[in-house]
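Trainee:
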Amino acid sequence: MSFVDRNRDGEQGFTLVELLVALALFSIAGLALLKLQGVTLASTSEIDRQLVASIVAQNIATDALTDAAPPAIGAASGVERNMGVDWSWRRVVSRTTDPRMLRVDIAVVQDGRTLAGTTVVRLGAVR
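One rule links them: number in this note's numbering = place in the sequence shown (from 1) + 1189.
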């Protein structure tokens, strides 16, 4: 058996230019994946903030519904601590077309942005 050289003229593998182009393409793909991961993490963080803000809004609404005395008509605000973060909230209580009922609008605000809100209706003062 004799060794047969199957390489043809100049076809001995990839050239340096081809390797550099391939490396550049892989680098661009890697950077795109890193950017995508960053965007995904930012989106997840925002969803987490909105979820906790929604829980805070529901807690404020539950307090307004279950308190023995109805909330005073008008605006109120406060700070609720949840998951180690202080959440600012605004509550606006107004009358409805039914004089026995009160409308309670709640908004949870952080950095001047409303992250979550809810509206509930409860029985006003019983006479």
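We put the beta carbon where it would ideally sit given N, CA and C, even for glycine.
Which residues does DSSP list as the beta-bridge partners of ILE1295?
Mentor: Answer is ARG1280, THR1307, bridged to ILE1295.
Trainee: In or out: ILE1249 buried (at least 16 other Cβ within 10 Å) or exposed?
Mentor: Label assigned to ILE1249: buried.
Trainee: In whole angstroms, what separates the C-alpha of VAL1298 from that of THR1204?
Mentor: C-alpha separation (whole angstroms): 59 Å.
Trainee: Look up ASP1252 in the DSSP assignment and say whether it is helix, strand or coil.
Mentor: Looking at ASP1252 - three-state DSSP - the assignment turns out to be helix.
Trainee: Name, in chain order, the residues that DSSP records as bridge partners for MET1290.
Mentor: The partner list for MET1290 (beta bridge, DSSP) reads LEU1312.
Trainee: Tell whether a beta-carbon distance below 7 Å holds between LEU1254 and ARG1311.
Mentor: The answer is yes: Cβ separation under 7 Å.
Trainee: Would you tell me roughly how many angstroms separate the C-alpha atoms of VAL1245 and VAL1309, rounded to the nearest one?
Mentor: Taking the straight line from one Cα to the other gives about 14 Å.
Trainee: Helix, strand or coil: how does DSSP classify GLY1301 here?
Mentor: It is coil, neither helix nor strand.
Trainee: With a Cβ-Cβ cutoff of 7 Å, do SER1317 and ALA1296 count as a contact?
Mentor: Here the chain covers residues 1190 to 1316 and nothing more, so residue 1317 does not appear.
Trainee: Between the region 1277-1284 and the region 1250-1269, are three or more C-beta pairs nearer than 8 Å?
Mentor: The region 1277-1284 is in contact with the region 1250-1269.
Trainee: Could you tell me the distance, in whole angstroms, from the CA atom of ILE1217 to the CA atom of VAL1228?
Mentor: Using only the alpha carbons, I get a separation of about 17 Å.
Trainee: Could you compute how far the alpha carbon of VAL1274 sits from the alpha carbon of ILE1236?
Mentor: Approximately 15 Å, taken between the alpha carbons.
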